[in-house]
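Only one structure is covered here, and it is reproduced in the block below.
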Amino acid sequence: MDDWQLILRDSLRTPEEIAERFGLDLEEVRRVNREFKIQITPYYASLIRRKGDPLYKQVVPDVAELAENTGEEDPLDEDLDSPVPSIVHRYPDRVLFLVSHSCASYCRFCTRKRKVGDPMKIHPRYIEDGVNYIKEHREVRDVIISGGDPLILSDEKLESILAQLRAIKHVEILRIGSRVPCFLPQRITEKLVNMLKKYHPLYMNVHFNHPDEITPESSRALNMLADAGIPLGNQTVLLKGVNDDVMTMRRLMQKLLTVRVRPYYIYQADYVKGTDHFRTTVEKGLEIYQGLRGWTSGLAVPQYVIDAPGGGGKIPLIPEYVQSITDEKVVMRNYAGEIFVYPQVKTQKRKRPRTQPPCLRVESPRV
Ligand SMILES: *Cc1c(COP(=O)(O)O)cnc(C)c1O
Ligand code: SF4
Numbered sequence: 003m004d005d006w007q008l009i010l011r012d013s014l015r016t017p018e019e020i021a022e023r024f025g026l027d028l029e030e031v032r033r034v035n036r037e038f039k040i041q042i043t044p045y046y047a048s049l050i051r052r053k054g055d056p057l058y059k060q061v062v063p064d065v066a067e068l069a070e071n072t073g074e075e076d077p078l079d080e081d082l083d084s085p086v087p088s089i090v091h092r093y094p095d096r097v098l099f100l101v102s103h104s105c106a107s108y109c110r111f112c113t114r115k116r117k118v119g120d121p122m123k124i125h126p127r128y129i130e131d132g133v134n135y136i137k138e139h140r141e142v143r144d145v146i147i148s149g150g151d152p153l154i155l156s157d158e159k160l161e162s163i164l165a166q167l168r169a170i171k172h173v174e175i176l177r178i179g180s181r182v183p184c185f186l187p188q189r190i191t192e193k194l195v196n197m198l199k200k201y202h203p204l205y206m207n208v209h210f211n212h213p214d215e216i217t218p219e220s221s222r223a224l225n226m227l228a229d230a231g232i233p234l235g236n237q238t239v240l241l242k243g244v245n246d247d248v249m250t251m252r253r254l255m256q257k258l259l260t261v262r263v264r265p266y267y268i269y270q271a272d273y274v275k276g277t278d279h280f281r282t283t284v285e286k287g288l289e290i291y292q293g294l295r296g297w298t299s300g301l302a303v304p305q306y307v308i309d310a311p312g313g314g315g316k317i318p319l320i321p322e323y324v325q326s327i328t329d330e331k332v333v334m335r336n337y338a339g340e341i342f343v344y345p346q347v348k349t350q351k352r353k354r355p356r357t358q359p360p361c362l363r364v365e366s367p368r369v
């Protein structure tokens with residue numbers, strides 16, 4: 003076993019261990035565990051300073067997860083866009099490929115908790131069908147390898163998947179989505195990065211939600227990935243009591259840049275069953291966006307998106323910077339709230355198109 007596998011094996015995972023470590027009611031922990039697996043790596047547990055802090059909230063179970071009548075099992079209706087069990091094909095030219103059911107630790111707010119942690123729902127035997135689907139669909143030029151967490155797979159297993167995808171001519175780029183650099187940075191080894199860099203162009207999106215998650219260990223892991231030429235992006239979920247204030251988010255985005263990670267998305271928390279205690283208002287997300295744009299490096303400003311219920315995909319939300327547009331001028335508000343005017347070019351009859359121009363109209367990939 004590699005060191006990282008030994009660390010993973012020592013994770014807190016039984017209801018007894020969890021209840022004892024955090025002083026919780028054992029019966030309650032057992033009930034939550036039946037709904038969604040509990041696991042916390044010893045490394046991430048060591049970063050928790052006190053009960054209820056932003057790191058604690060993300061991974062330690064809460065009875066609020068058992069609340070009835072909140073959210074949906076499959077809030078993004080991924081299962082409707084799933085032609086084979088391991089693929090979600092929602093957008094014209096790219097697919098999500100689910101290759102691993104497990105994660106280093108389990109986020110209590112996970113959007114895919116209906117599948118994640120369940121080896122019957124994300125199973126290795128579905129991988130072959132996924133690869134074949136991608137082979138048969140020549141429009142797929144971008145594959146997002148996800149799960150669960152793909153970096154929980156052994157180097158050999160992961161390499162076999164990357165090699166099969168790389169052998170497909172029409173697949174231009176590969177992406178890995180992983181929270182391992184945050185939960186189990188020890189898994190990022192020389193051997194792993196030397197393997198990954200054989201499969202360029204390979205991108206990675208990591209998942210950090212709080213500045214305290216950027217530690218010497220995770221910085222080392224991220225720097226190794228960046229040194230291997232892997233462009234790194236970050237996806238953050240806006241979570242109540244974790245990162246729902248401007249200063250925390252600004253610090254997180256700035257710290258990510260210091261370890262060469264470019265903030266990519268801030269997600270409004272999805273409408274997931276049993277996660278209402280994590281959801282904030284959308285106004286809060288817009289306030290955070292406004293607290294970033296202009297106030298700090300443009301590189302530190304990700305897009306703020308809602309992944310639309312019903313399978314609409316990611317929709318960007320931007321505060322109202324444009325006050326009015328006429329044929330003469332555009333009136334705008336800058337980051338500090340001051341008003342500026344841009345004069346329009348003078349043309350005869352300039353109509354803004356009412357519908358999408360034909361070049362952008364695409365057939366839905368729904369099968
Ligand atoms: C998020 C997502 C993608 C990737 O979206 P990008 O905006 O290209 O990063 C692809 N497929 C599905 C189903 C997704 O949810
Ligand atoms: S790491 Fe990702 S897939 Fe795994 S529990 Fe967290 S959000 Fe869900």
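Per my numbering, the very first residue in the sequence shown carries number 3; after that it's consecutive. We treat Cβ as the ideally placed atom computed from N, Cα and C, and that holds for glycine.
Per-residue DSSP class, three states only, for Thr16: Thr16 falls in the coil class under three-state DSSP.
Ala310 (DSSP reduced to helix, strand or coil): In this structure, DSSP gives Ala310 an extended state, which the three-state scheme calls strand.
Strand pairing of Thr238, partner residues [DSSP]: Ile268, per the DSSP bridge assignment.
Segments assigned beta strand (DSSP E), at least 3 residues, entirely inside the stretch 287 to 339: Taking only runs of at least 3 residues, the beta strand (DSSP E) segments lying wholly in the stretch 287 to 339 are 305 to 310, 315 to 318, 324 to 327, 331 to 335.
Exposure label - Asp64; buried when at least 16 CB within 10 Å: In summary, Asp64 is buried, with 16 or more beta-carbon neighbours lying within 10 Å of its beta-carbon over all protein chains present.
Euclidean distance between Cα positions of Gln325 and Tyr337: A straight line joining the alpha-carbon of Gln325 with that of Tyr337 spans about 13 Å.
Assigned secondary structure, Leu82 (DSSP; H/G/I helix, E/B strand, else coil): Helix.
Beta-bridge partners of Gly179, as assigned by DSSP: Beta-bridge pairing links Gly179 to Asn207.
Ranges of the beta strand (DSSP E) found wholly within the stretch 39 to 110, counting only runs of at least 3: Within the stretch 39 to 110, the complete beta strand (DSSP E) segments at least 3 residues long are 89 to 93, 96 to 102, listed from N- to C-terminus.
For Lys39, the nearest candidate out of Asp151, Ala230, Gly287, Tyr108 (CA to CA): Selection Asp151, Ala230, Gly287, Tyr108 evaluated against Lys39 yields Tyr108 as nearest (Cα-Cα).
Those residues, in chain order, that have a beta-carbon closer than 6 Å to some heavy atom of ligand 1: Result (chain order): Val90, Arg92, Tyr93, Arg96, Leu98, Ile146, Lys316.
Val133 versus Val101, Leu186, Leu155, residue with shortest Cα-Cα distance: Ranking Val101, Leu186, Leu155 by Cα distance to Val133 puts Val101 first.
Own chain partners of Val369 with C-beta closer than 6 Å, once the 5 adjacent residues on each side are dropped: Unreliable positioning characterises Val369 in this predicted model, as indicated by a pLDDT of 44, which lies under 50. The coordinate reading is nonetheless provided below. Excluding the 5 residues flanking it on each side, Val369 has same chain C-beta neighbours closer than 6 Å at Pro85, in chain order.
Beta-carbon contacts of Thr43 that lie in its chain and below 6 Å, excluding the five residues immediately before and after: Around Thr43, the same chain offers Ser13, Ala106, Ser107, Phe185, Leu186 as residues with beta carbons nearer than 6 Å, after the five sequence neighbours per side are excluded.
Nearest candidate by alpha-carbon position, reference Val307, set Thr328, Glu285, Ile327, Ser299: The alpha carbon of Val307 has as its nearest neighbour, out of Thr328, Glu285, Ile327, Ser299, the alpha carbon of Glu285.
Quiz: which residues have CB nearer than 5 Å to ligand 2 non-hydrogen atoms: Checking every Cβ against the heavy atoms of ligand 2 under 5 Å gives Cys105, Tyr108, Cys109, Cys112, Val118, Arg181.
Residue from Ser104, Arg23, His103, Arg143 whose Cα sits closest to the Cα of Pro94: Ranking the options by Cα distance to Pro94, first place goes to Arg143.
beta-carbon Asn71 near ligand 3 non-hydrogen atom, thresh 7 Å: With respect to small molecules bound, the structure shown includes ligand 1 and ligand 2 and not ligand 3.
Residue from Asp76, Ile20, Leu167 with nearest C-alpha to Gly312: Across the set Asp76, Ile20, Leu167, the C-alpha of Asp76 shows the shortest separation from the C-alpha of Gly312.
Supposed close pair Lys242, His209 - CB separation, criterion 8 Å: The pair is not a contact, with the Cβ atoms about 17 Å apart (cut-off 8 Å).
Buried versus exposed, by CB contacts within 10 Å (16 or more), Tyr323: By the 16-neighbour rule on beta-carbons within 10 angstroms, Tyr323 is exposed.
Burial state of Pro218 (16 or more Cβ within 10 Å): Label assigned to Pro218: exposed.
Where Ala165 falls, given that 16 or more other Cβ within 10 Å makes a residue buried: Looking at its Cβ environment, which holds fewer than 16 other Cβ atoms inside 10 Å, Ala165 is exposed.
Expected contact under 8 Å - CB spacing of Asp259 and Leu301 to nearest Å: The question names Asp, but residue 259 in the sequence shown is Leu. The beta carbons of Leu259 and Leu301 sit about 6 Å from each other, so the pair counts as a contact at 8 Å.
Residue burial classification, Tyr344 (beta-carbon count within 10 angstroms, cutoff 16): Counting of Cβ neighbours within 10 angstroms places Tyr344 among the exposed residues, the total staying below 16.
Proximal residues to Asp157 (C-beta, below 7 Å), its chain only, five neighbours per side dropped: Result list for Asp157: Lys193, Leu194, Met197, in chain order.
Cutoff 7 Å; reference Tyr273; Cβ partners in own chain excluding five residues on either side: So the list reads Gly73, Glu74, Pro77, Pro311, once near-sequence residues are dropped.
Contact the stretch 285 to 300 vs the stretch 53 to 71: 3+ CB pairs below 8 Å: Taking 8 Å as the limit for Cβ pairs, the verdict is that the stretch 53 to 71 does not touch the stretch 285 to 300.
Those residues which DSSP pairs with Phe342 across a bridge: Partner(s): Met334.
Reference Leu167; option with closest CA among Val97, Asn245, Ala223, Phe111: The shortest Cα separation from Leu167 among Val97, Asn245, Ala223, Phe111 belongs to Val97.
Three CB pairs or more closer than 8 Å across the stretch 166 to 180 and the stretch 199 to 207: Taking a contact to require three or more Cβ pairs closer than 8 Å, the stretch 166 to 180 and the stretch 199 to 207 qualify as touching.
Beta-carbon spacing of His139, Ile124 below 8 Å: Contact: no.
Exposure label - Met122; buried when at least 16 CB within 10 Å: Exposed, since its Cβ has fewer than 16 Cβ neighbours within 10 Å.
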